[in-house]
Amino acid sequence: MNLISEIGRFVLFMKFVLHRPEKAKVFWKITFREMYLIGIDSVLIVILIATFTGAVTTIQTANQLLTPSDLFPTQLMPKFVIGAVVGTSSLLELAPTVTCLVLAGKIGANIASEIGNMKVSEQIDAYEVMGINSASFVTLPKIVAGLIMIPCLIIIANFLLIYGGVMACSATTSLTADDLIQGARLVFKPLYLKVMLTKSFIFAFLITSLSAFQGYYTTGGALEVGIAGTKAVTKICIFILFFDLIIAQLFLKS
Amino acid sequence: MIKIEHLDKWFDDRQILFDINTEFKPGVANLVIGASGSGKSVLIKCMVGLLEPDKGKILYGDQDFISLEYHHKQNLRREIGMLFQNNALFDSLTVEENIDFPLRMFSKMSPEERKERVNFCLEKVQLTNANKKYPAEISGGMKKRVGIARAIALEIKYLFCDEPNSGLDPLTSRVIDKLLVDITKEFNITTIINSHDMKTVLDIGEHIIFIYNGQKWWEGGKSELIDARKSNKELDEFFLASF
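If you read the sequences in order, they're chains A and B.
Under the working numbering, read the first sequence as residues 1 to 254, first letter to last.
Under the working numbering, read the second sequence as residues 255 to 497, first letter to last.
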C-alpha cells in the first residue's frame, strides 16, 4: 500500500514537473549550469571507474577462460573470446549499469540534498508564493541536463572500459590487445548499442527524477536532508537494477 | 483588501483553525498574534496557498483564492510578496540577484530598468554596499531587509510577513517593524504580519487579531488592547508572558 501511494505521489509530482518552463531563457541558463554539474563534474569519476573496471574484467575473464582445467582444454579456446566477453559485457552491462549505480551515489545524493535543503529552508515555498511552479522550476532543468549528459558519460565509459582492457593486455603475456579488439568487434551487434542507449536514457531519468522527488518532499531539518540523500540513492539503485532486468528481458530474450 | 470567511484547517484528525472570519485592510499594519502552536503560521500559509484549507473562503478583492484554477492562482500570487521566518533567500544568488529574480521571471523590464528597480528596492530597505554579497555573507538583519526588498520588487498588493523579528536583536527588530509600516503606507499595500513580539504589537499594530488554540479570540486596535486585557484572561496571559 505504501509503495502504491508512493508511486502515485511520484506520478503527481511528475505531472507538475513536466510543465512548460515559465521563461525559456532562465530555464536554459539553469539547465546549462546543471549540465556542467551533472556531466563535466562527473567525468573524472567515470574515467577512473570505467578504466579500472575494464582492466579488472579483462584480467579476470582471461584468468577464468585461459586457466587449464579438467573440464575444458584451454588450447581449444580462441583468445578473441575474451574480447567478445569483455566487449559485450561492457556495452550491455558495465557501461550503463555500473556507471549509473556510481552516478546514483554522486548525482542522486547531491540533487536530493540540494532540493531537500531548499525545501527545509523555505526556498521552495518562496518560489510557490511568487507564482512559480516550484516542482518544475527546480526539477526539470536537472532531468533535461541528466538526459543529455548521462548518456554521454556512458558512451565515454564504454570506450574507457575497452581501453582499460587494452591496458591490462599490455601487462599480461597470455592476451594481446589485438585479440581483445578483434573479439569485441566480432560479436558486436547494433542491437547492443540500442540496449545501451535505452538503458542510459531510462537510468538518467531515474537518477534525476527520483532524487528530486525525494528532496522535494523532505520535511524537518538537516538530519532529514541527509536521510533524503541516502533514501534517494537506495531507491535509485533498486529501480536501476529492476529496469536493467526488464530491458534485458525485453531486448535480449532468446 | 483580504477577507476570510469561515476558515477551517485540519491536519489528519486534529483541527488547527476553527471558523476564522476577519478582514485585512490596505495601508494598515495588520497583526496576527498568538502563542507558538496557536495556528497563526497555518493561517498565513493558507492565505498564500502553501496549505489548502478544508473549509471557508479567502477573498482577494472579489476573487476566492481557494476555488481559483491553478494558473489563475499563480497569476494572483504575483501580486503577493512574502517575508519568511528564515528569510528563504536563494543561497546560490547574490543579494541583487535575489531581488532581481522575480523581475527577471515576471516583468518585461530591460536589464537596465531591472537594475534600477533593484537599487530602488535596496534603497527602500536602507541596504547599501551588499549587492554582490551572498546570503551566507550577510547578517540576520540584512537578510530580513533583502527579504523585504525581494518581496516588494514586483509591484505587489499584498505583503505577508511570518515572524519578521525572529532571531533579531531588539534594536534591529524595531528598525524592521518601522520599515514594514513605511512600505505599507507608501505603497498602500495590505500587510499581514504574524508575530508574538508584544513590542511589535504595541509599536505598529493598527489592526490586531489574537489567535488562541486555532480560534479568533479577539480583534481590535492597539488602543483597545489594554482594555480588552481586563476582560480577556487568555489575552492578558499572552500579553504578560510576552515581556
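Positions of the beta carbon are idealized from the N, C-alpha and C atoms, including for glycine.
Values in this document were obtained by computation on a predicted structure and should not be read as measured data.
- Non-local C-beta neighbours of A/Val43 in its own chain, meaning closer than 8 Å and more than five positions away in sequence, comprise Leu153 and Ile156, ordered along the chain.
- Three or more Cβ pairs closer than 8 Å define a contact, and the region 418-428 of chain B falls short of that threshold against the region 343-355 of chain B.
- Secondary structure at B/Asn340: coil, using DSSP grouped into helix, strand and coil.
- Taken in chain order, the complete alpha helix (DSSP H) segments of 4 residues or longer contained in the region 19-46 of chain A are 24-38.
- Two segments are said to touch when three or more pairs of C-beta atoms, one from each, lie closer than 8 Å; by this definition the region 114-122 of chain A touches the region 221-241 of chain A.
- Secondary structure of A/Thr218 (DSSP, three-state): coil.
- Annotation: Cβ neighbours of A/Asp125 in chain B (cutoff 9 Å, chain order): Lys299, Val302, Leu304, Met336, Phe338 and Ala342.
- At a cut-off of 7 Å between C-beta atoms, B/Arg332 counts as an interface residue with respect to chain A.
- Taking a cut-off of 8 Å on C-beta distances, the region 265-277 of chain B does not touch the region 430-448 of chain B, as fewer than three cross pairs fall below it.
- Residue environment for A/Leu48: exposed (fewer than 16 other C-beta atoms within 10 angstroms of its C-beta).
- With 16 or more other CB atoms across the displayed protein chains lying within 10 angstroms of its CB, A/Glu128 is buried.
- Taking the Cα positions, B/Ile462 is about 15 Å away from B/Ile258.
- Among the CB atoms of chain B, none fall inside 7 Å of the CB of A/Met35.
- Contact annotation: the region 235-246 of chain A does not touch the region 126-141 of chain A, with fewer than three C-beta pairs closer than 8 Å.
- Between A/Val86 and A/Thr53, the CB-CB gap reaches or exceeds 7 Å.
- With respect to chain A, the C-beta atom of B/Pro356 has a partner C-beta closer than 7 Å.
- Annotation: A/Ile115 has no Cβ neighbours in chain B at a cutoff of 8 Å; minimum Cβ distance is about 12 Å.
- Per DSSP, reduced to three states, the secondary structure at A/Gly229 is helical.
- Per DSSP, reduced to three states, the secondary structure at B/Gly288 is coil, with no helix or strand assignment.
- Out of B/His326, B/Val282 and B/Ile287, the CA that lies nearest to the CA of B/Asn467 is found in B/Ile287.
- Between the alpha carbons of A/Gly146 and A/Leu193 lies a distance of about 19 Å.
- Per DSSP, the continuous alpha helix (DSSP H) segment holding A/Phe16 begins and ends at Asn2 to Val17.
- The straight-line gap separating the alpha-carbon atoms of A/Met167 and A/Thr67 is approximately 20 Å.
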